[in-house]
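Worksheet for the structure shown next.
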Amino acid sequence: MLKVGEHTLHRIVERLSHPGEGPVHRRLTRRDLDIEWGEPPPEHGEDPIRLVDRLVNGALTAGMRSDHPRCFAFVPSAGNYPAVLADALAAAFLAVPGAWLVGSGATRIELVTVQWLCELLGLPSGSGGLFVSGGTEANLLALTVARDSRLDGSPEDARAYCSDQAHPSVAKALHVLGFRREQLVVVPADTAFRLPVDPLAERIRRDRAAGLRPFAVIATAGTTGTGAVDPLPELAAVCRAENLWLHTDGAMGAAVRIAPRGRELLPGLEFSDSVTVDPHKWLFQPYDTGCVLLRDPDLLRRSFAMARYGLDVEAGYLDASRCESPTSPASEEVNLSDYGIQLSRSLRALRLWLSFKTFGVGAFREAVAHGMRLAEHAARRIDEIPDLELVTPPGLGVLTFRCRPHNGPTPGPHLDLLQTEVSGTVVAKGEAMILTTRLRGERVLRLCTINPRAGEADIDATLELVRAAARHHTTSPTPV
């Protein structure tokens, strides 16, 4: 075991020590992967060292390298070494923070890590929550609680509200909960791509007058398209006046609150009834590391405790009768499996616990601030380059821009096509990763500068790759 473990650890350290080596994206076709990996179940064992090398040289390096300093697509996680060790420790010791009887120590690690997050994000005293797979599951749990606490058992005629910039997982969560498509009211965003307060309040009043039952507003703290933050204090005031649940999807941006300017960038987060945060984004954890936080975490137990469903829960780890609220450090015998969907749970929290303890929160604050400064640097460089045009300013480390060569197409379908072609060329080259998104019907390029390993030189080099690709696609006349 030691020999295999040492070899595996060597390959891991080799990978993490050289994040800028090799292509940002290694694209293989489904056919290529089927030929290499489409095999029957093995009847006999193989040398594990050779298997590790085969994985490292093959399946594990096919696709996007999100920790590469020139990966600016999606919201890429950089990961970190202590979190890798945390996963190995949790797996080796079979740490299961589901039932206190089975994993009391693992449960205590999760409880304290959740409390750290609540304090760092400035949530009210008594807040708590649960580690989950990511924003999709966190949104599902939060909206389940919103339904159970605001509706009287029947979701008929209920309405939830969000902007057209909300993450698709919001609609998915409501679909899973049995809501019809029309029960999610999508309010067009304002010119800053935020959920507008007055049109929202007016729509809620109209729906009540029509006999409908508004029950929740889903705000976004960091839209994936532009990094926009909805006006949380004003939305909270509307929700208080209308007795609606305010859920803030901060999967992308809530963790920015730990930065020196975090409170300024994310005012009002503490007014939310529930918050989604993804440590596998701005807190640089491996996938999948998400978290749902509630002002009153006992509401999770009321929605998800096994006893709620009338099953026989007298034995062992299914005994929900001893479950108390995971609010105070003095809480005892907390069965976290009663606070969410999963009964069998991995110790995701250990990744963040060991990362915080190893580096200190101060290092994370600086890493977030560094990512914000990179976005500002990118915006300045784009403004200085004649054939690039800034579309949206930096918002929580995200900005959008377009190629506008002097001999290129005018705004319209052909200019949209140019952005797609530029992105495709840059990605195919393998030296950087930048994708497009659509804003107000126009195709734009998008940068997300979340990676603390990236520097200004990586931004500059990527913009030069974009310019070169644009020149390549505009050397021949483009129809206008």
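For the sequence shown, the positions run 1 to 480 when this note's numbering is used.
C-beta atoms are modelled at their ideal positions from N, C-alpha and C, and glycine is treated no differently.
None of the values given here were measured: they were computed from a predicted structure.
- CA-CA distance, T289 to V132, rounds to 6 Å.
- Shown here, S274 sits in a strand according to DSSP, grouped into three states.
- P393: not part of any alpha helix (DSSP H); member of the beta strand (DSSP E) spanning L388 to G395, first to last residue.
- Rounded to the nearest whole angstrom, the CA to CA distance from C71 to V24 is 6 Å.
- For V84, same chain residues with a beta-carbon under 8 Å away, outside a window of 5 residues either side, are I12, L16 and P286 in chain order.
- A91 places its beta carbon 7 Å or farther from that of L350.
- C-alpha of P214 to C-alpha of K172: approximately 18 Å in a straight line.
- Between L390 and A375, the beta carbon gap of about 11 Å keeps them out of contact (Cβ cut-off 8 Å).
- By a beta-carbon distance limit of 8 Å, T107 does not contact V398. Their separation comes to about 35 Å.
- Excluding residues up to 5 positions away in sequence, L265, R365, V368, A369 and M372 lie with their Cβ nearer than 8 Å to the Cβ of A259 in the same chain.
- Only buried fits L447, as 16 or more other CB atoms lie within 10 angstroms of its CB.
- Within the same chain, no residue comes within 6 Å of F356 by CB-CB distance, once the 5 residues on both sides are set aside.
- The beta carbons of P386 and T474 sit no closer together than 7 Å.
- Sorting Q419, N451, G441 and D458 by C-alpha distance to the C-alpha of R471 places Q419 at the top.
- In this structure L195 does not touch D249 by the C-beta definition: roughly 11 Å separates them, more than the 8 Å allowed.
- Excluding its 5 nearest sequence neighbours in each direction, G178 has no C-beta neighbour in its own chain below 6 Å.
- Note that the C-beta distance between R295 and D338 is not below 7 Å.
- CA-CA distance, D278 to A251, rounds to 5 Å.
- A distance of 7 Å or more separates the beta carbons of S104 and T136.
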